[in-house]
Structure formats: structure tokens, C-alpha cells
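In the working numbering, the protein residues as written are 76 to 212.
Cβ coordinates follow ideal geometry from the N, Cα and C atoms, glycine included.
So the structure is just underneath, and the comments pick up after that.
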């Protein structure tokens, strides 16, 4: 099916997933906004919503894991006022390791979405599908 830009729905869905892979949030929001406001294809809207959800969810969880070492380092700083010195060296490396795994998982999920969009199939995420069907008809 051709869209208003002259592209097919498959090409635009794969393009949205590739923009998500680039981690460029402005370009992703422009792509998702165009699909939601200008295109009528439900499968395309569902795919772009899944791309947006994947990027936002992984970024949010990654930001939370980046904050954990700062919060944990507040405890030794507070205890240093009472001349008690505690060192927690493994927290930084553990959170960095978890962030690396999350980064790889995000890219793998976006690649799966892109490949499924290329094969004109959808990733079955029931909550996203029903949300898009209900609010973006």
C-alpha cells in the first residue's frame, strides 16, 4: 500500500525501526508523529508505537540504572560526617554492566521489529495494539 509520501507501509515501518536504532529521539518523534497524524494504516501505526515504546522504555530504565550509583554513593558521604568510611566499589561496574545489557537488548528488540516489519508481520504486543486501535482510529 502506498502512503502519502509515495513510500510503502513496509518501507516506512522499517525506516521507523532504523531511526529507533540510531537513538535519535528527535528524528524518531518526527517519524512517529508523521505516522500517527498523517497516515491511516493501522499496522503501520502499531509498529511505530512499538518502536517508540521500546526506545522510551529502554532509555528510561537505563537512566534509572545510571542514578543508582549516585544514590548509593550518598550513603558513604553521609556516613563520613560521623567519621565512618565505607566504600562500595562494585556498584558502578554492576550498573554499567546492566546498562550495556539493556543497550544490547534494545538494539535486538528494534532489529526484531524491523525484520518483522520487513516481512509484513507484527510483533504481538497486545497492550500496544489495543491502545493504538482504541485511540488512533
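Cα separation between residue i and residue j?
i: residue 170; j: residue 81; result: 45 Å
i: residue 138; j: residue 179; result: 15 Å
i: residue 190; j: residue 129; result: 15 Å
i: residue 163; j: residue 136; result: 22 Å
i: residue 150; j: residue 98; result: 33 Å
i: residue 91; j: residue 116; result: 14 Å
i: residue 185; j: residue 161; result: 41 Å
i: residue 193; j: residue 104; result: 21 Å
i: residue 107; j: residue 144; result: 33 Å
Would you mind working out which of the options sits nearest residue i, comparing C-alpha positions?
i: residue 118; options: 185, 180 and 85; result: 85
i: residue 212; options: 167, 114, 173 and 166; result: 114
i: residue 210; options: 130, 136, 121 and 132; result: 121
i: residue 175; options: 111, 141 and 87; result: 141
i: residue 146; options: 132, 133, 93 and 166; result: 166
i: residue 87; options: 96, 110 and 100; result: 110
i: residue 131; options: 177, 89, 187 and 172; result: 177
i: residue 133; options: 159, 181 and 89; result: 181
Using C-beta distances below 8 Å, list every residue in its chain close to residue i, excluding the 5 sequence neighbours before and after it, in chain order.
i: residue 79; result: 113 and 114
i: residue 102; result: 94
i: residue 187; result: 198
Could you name the residues of the same chain whose beta carbon sits closer than 6 Å to that of residue i, not counting the 5 residues immediately before and after it, in chain order?
i: residue 148; result: none
- prompt: So does the stretch 193-209 actually touch the stretch 122-135, counting three or more Cβ pairs closer than 8 Å?
  reply: yes
- prompt: Should the stretch 154-172 be regarded as contacting the stretch 202-209, the criterion being three or more beta carbon pairs within less than 8 Å?
  reply: no
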